[in-house]
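Note sheet for the following structure.
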Amino acid sequence: MNMEIVRRSIGAFLLVFLIGLGFAKPVHEYLALPTQLILLQGQNTGFQTSLPVFANSDSNTNEEIMTLSRNANDFIVQGNETGDSNMLLEIADFPVKKVGVKVLPDMKVIPGGQSIGVKLNSVGVLVVGHHLVDTEKGKKSPGELANIKVGDIIIEINGDKIEEMKDLSDYVQEAGIREKPLQIKVLRDNDKFTTELLPLKDKNDQSYRLGLYIRDSAAGIGTLTFYHPESKKYGALGHVISDMDTKKPIVVHDGQIVRSEVTSIDKGSNGNPGEKIARFFSDRDQLGTITKNSPFGIYGELQDHIENKIMDEPLPIALSHEVEQGPAKILTVVKGDKVQEYDIEVITSTPQKFPATKGMIIKITDKELLDKTGGIVQGMSGSPIIQNGKIIGAVTHVFVNDPTSGYGCHIEWMLHEAGINIYEKENDKKRKVS
Numbered sequence: 002m003n004m005e006i007v008r009r010s011i012g013a014f015l016l017v018f019l020i021g022l023g024f025a026k027p028v029h030e031y032l033a034l035p036t037q038l039i040l041l042q043g044q045n046t047g048f049q050t051s052l053p054v055f056a057n058s059d060s061n062t063n064e065e066i067m068t069l070s071r072n073a074n075d076f077i078v079q080g081n082e083t084g085d086s087n088m089l090l091e092i093a094d095f096p097v098k099k100v101g102v103k104v105l106p107d108m109k110v111i112p113g114g115q116s117i118g119v120k121l122n123s124v125g126v127l128v129v130g131h132h133l134v135d136t137e138k139g140k141k142s143p144g145e146l147a148n149i150k151v152g153d154i155i156i157e158i159n160g161d162k163i164e165e166m167k168d169l170s171d172y173v174q175e176a177g178i179r180e181k182p183l184q185i186k187v188l189r190d191n192d193k194f195t196t197e198l199l200p201l202k203d204k205n206d207q208s209y210r211l212g213l214y215i216r217d218s219a220a221g222i223g224t225l226t227f228y229h230p231e232s233k234k235y236g237a238l239g240h241v242i243s244d245m246d247t248k249k250p251i252v253v254h255d256g257q258i259v260r261s262e263v264t265s266i267d268k269g270s271n272g273n274p275g276e277k278i279a280r281f282f283s284d285r286d287q288l289g290t291i292t293k294n295s296p297f298g299i300y301g302e303l304q305d306h307i308e309n310k311i312m313d314e315p316l317p318i319a320l321s322h323e324v325e326q327g328p329a330k331i332l333t334v335v336k337g338d339k340v341q342e343y344d345i346e347v348i349t350s351t352p353q354k355f356p357a358t359k360g361m362i363i364k365i366t367d368k369e370l371l372d373k374t375g376g377i378v379q380g381m382s383g384s385p386i387i388q389n390g391k392i393i394g395a396v397t398h399v400f401v402n403d404p405t406s407g408y409g410c411h412i413e414w415m416l417h418e419a420g421i422n423i424y425e426k427e428n429d430k431k432r433k434v435s
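If you want our numbering, it's the position in the sequence shown, counting the first as 1, plus 1.
Here it is, written out as structure tokens:
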């Protein structure tokens, strides 16, 4: 009998034997073998198994992409070149499983930790409430009569774009005097519609009113997460900025981040999240622009390189499946503008195939930080999380009933929101350049 047939027969027998054991450990180990491994160029990943399997590169794939090795029960894959490949797991030369291997381009970013002031200008003007105009015929809200709701955004009046609150005044007074309704274009969620609104005269000051409370900007503080020196792109906060009245995300027209200095800490306690109290530096200390406000934070470009004076060299990132339970560190500011390093624990981390904001649960373990803040406080959002020399994500939310703990989001999704797509194929990049 041909020896090749014998080897394959033995492999098939072994596999059937293992499956025949029902829910025994070997079957669990077989089912636990991965179907795909994703890693970054220059890094390695792998899996453990005690099964008598051997790994070989698929003869149809480029062997330069990866290097395979095994040390006892550990299979190790080294990413050499970007691209897609496969490895075959075999028992007695009988293939039992094909594992896809994707090697992504090497990605390093500079961790932040700096306290930043955030100045955000919305698209149009945001409706944050209604008020009644005291007219000669009683009290009415023209805005409410025009079916304009809290959370709506006024983007045009009479066909002209509206960007700031001061843009409205002349339109309102002229329409009132002429008794001609305004044609107002409104953005509600993702839908646009036009409505008519006739301003009414307030009998007390003889001015015409819309009957709406509006806002065109927001301000606050947060923490810078990362800076990508090649593109000058940055990410911060790790969560969306919402209007304090409507609770809806602010649709960004433009904005800026500036230097800020923490002046004091309102310490957190159970049921009462604390916060950093900070002051902004002048506009002359502008650090960068804001072009995006997403569930994963704010994004834009820095005008110049900035330092945290702790970790100012680019660090590799960790993909979500590489994050481990156990010790880690965060970089943040609790006094002045000095970035410091504090100990935390990653309690859980969920490997994610699709973007999600709450990928990790973390716990502050550093006694000094707990004494100063009580745990995670407002303004700490965006503090980068470092584990095993890699940036794994950012602090996002605090647990209200346990300020020592909260959520973190994975760095790969923040990079994606910043426009740095680590999953983009090399040939796609080349097409864009050409």
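Beta carbons are placed, not taken as given, at the ideal position from N, Cα and C, and that holds for glycine. Keep in mind the model is a prediction, meaning the values are calculated, not measured.
Measuring CB to CB, does residue i end up less than 9 Å from residue j?
i: valine 126; j: isoleucine 155; result: yes
i: glycine 239; j: glycine 409; result: yes
i: glutamine 341; j: glycine 289; result: no
i: glycine 101; j: valine 78; result: no
i: threonine 50; j: leucine 40; result: no
i: glycine 84; j: lysine 103; result: yes
i: tyrosine 31; j: valine 128; result: no
i: leucine 416; j: methionine 108; result: yes
i: glycine 221; j: glycine 383; result: no
i: glutamate 91; j: valine 54; result: yes
i: lysine 359; j: histidine 398; result: yes
To which residues of the same chain is residue i closer than 7 Å at the C-beta, ignoring the five residues directly before and after it?
i: asparagine 523; result: In the structure as shown, the chain begins at 2 and stops at 435. Residue 523 is therefore absent and cannot be evaluated.
i: proline 286; result: Before going further, note that residue 286 is aspartate rather than proline in the sequence given. For aspartate 286, where only same-chain residues beyond five positions count, the Cβ hits under 7 Å are Val259 and Arg260.
i: phenylalanine 400; result: Ser406 and Gly407
i: aspartate 161; result: none
How big is the Cα-Cα spacing for residue i and residue j?
i: isoleucine 301; j: isoleucine 66; result: Before going on, a small fix: residue 301 reads as glycine here, not isoleucine. Cα to Cα, glycine 301 sits roughly 33 Å from isoleucine 66.
i: phenylalanine 76; j: leucine 38; result: 11 Å
i: isoleucine 345; j: glycine 407; result: 11 Å
i: valine 187; j: serine 270; result: 41 Å
i: lysine 234; j: glycine 376; result: 29 Å
i: glycine 236; j: isoleucine 412; result: 9 Å
i: serine 321; j: glycine 152; result: 35 Å
i: glycine 80; j: proline 106; result: 9 Å
i: valine 110; j: glycine 212; result: 48 Å
i: isoleucine 291; j: lysine 202; result: 38 Å
i: lysine 339; j: alanine 357; result: 31 Å
i: glycine 177; j: leucine 169; result: 12 Å
i: arginine 304; j: asparagine 205; result: The identity of residue 304 in the sequence shown is glutamine, whereas the question assumes arginine. Roughly 49 Å between the two C-alpha positions.
i: isoleucine 311; j: tryptophan 414; result: 24 Å
i: histidine 488; j: valine 97; result: In this structure the chain extends from 2 to 435, so residue 488 is not present and cannot be described.
i: methionine 361; j: lysine 167; result: 43 Å
i: proline 385; j: methionine 88; result: 35 Å
i: phenylalanine 24; j: asparagine 74; result: Note that phenylalanine 24 scores a pLDDT of 47, beneath 50, so its modelled location is shaky and nothing firm can be said.
i: glutamate 145; j: aspartate 255; result: 28 Å
i: aspartate 171; j: phenylalanine 282; result: 34 Å
i: tyrosine 424; j: glutamate 180; result: 57 Å
Tell me which same chain residues have a C-beta within less than 8 Å of the C-beta of residue i, skipping the five on either side of it?
i: glutamate 325; result: Val347, Ser350, Gln388 and Asn389
i: isoleucine 185; result: Ala147, Ile149, Ile155, Glu157, Ile158, Thr195, Thr196, Glu197 and Leu198
i: threonine 264; result: Ile278, Ala279 and Arg280
i: serine 182; result: Looking at the sequence shown, residue 182 is not serine but proline. Around proline 182: Ala176, Glu197, Leu198 and Leu199.
i: aspartate 313; result: Ile111
i: lysine 330; result: Glu342, Tyr343, Asp344, Ile345, Ile386, Ile387 and Gln388
i: arginine 189; result: Lys150, Gly152, Asp153 and Ile154
Give the single residue among the options whose Cα lies nearest to the Cα of residue i.
i: glutamine 115; options: Lys98, Ile386, Lys373 and Asn309; result: Asn309
i: aspartate 367; options: Ile278, Leu332 and Glu323; result: Leu332
i: phenylalanine 297; options: Val396, Gly289, Gly327 and Lys204; result: Val396
i: alanine 419; options: Tyr228, Ile386 and Ser382; result: Tyr228
i: glycine 380; options: Glu276, Asp313 and Thr358; result: Glu276
i: leucine 225; options: Gln207, Ser218 and His306; result: His306
i: isoleucine 421; options: Glu231, Glu314, Glu180 and Pro96; result: Glu231
i: glycine 327; options: Asp206, Val54, Asp372 and Lys364; result: Lys364
i: aspartate 217; options: Gly84, Gln304 and Val124; result: Val124
i: lysine 268; options: Val335, Met245 and Thr374; result: Thr374
i: alanine 449; options: Asp403, Val128, Gly160 and Ser86; result: Past the edges of the chain, shown from 2 to 435, lies residue 449, and the structure says nothing about it.
i: isoleucine 266; options: Lys336, His417 and Thr405; result: Lys336
i: aspartate 403; options: Gly272, Thr247, Ala219 and Thr36; result: Gly272
i: aspartate 246; options: Phe282, His131, Thr36 and Tyr424; result: His131
i: glutamate 165; options: Ala219, Pro53 and Pro315; result: Ala219
i: lysine 99; options: Ser58, Asn191 and Gly113; result: Ser58
i: proline 315; options: Asp94, Gly113, Arg179 and Thr36; result: Gly113
Only counting the same chain, and skipping five residues up and downstream in sequence, which positions put a Cβ closer than 6 Å to that of residue i?
i: tyrosine 209; result: Val173, Gln174, Gly177, Pro200 and Lys202
i: valine 334; result: Ser116, Val263 and Val340
i: alanine 319; result: Lys391 and Ile393
i: serine 142; result: His131, Leu133 and Gly212
i: aspartate 192; result: none
i: proline 317; result: Lys109 and Lys391
Taking 9 Å as the CB-CB cut-off, is residue i touching chain D?
i: threonine 36; result: Among the chains in the structure shown there is no chain D, since it carries only a single protein chain.
* Per the contact definition of three or more C-beta pairs closer than 8 Å, is the stretch 125-139 in contact with the stretch 64-84? -> As far as the Cβ criterion goes, the stretch 64-84 does not touch the stretch 125-139, which means the pair count is below three.
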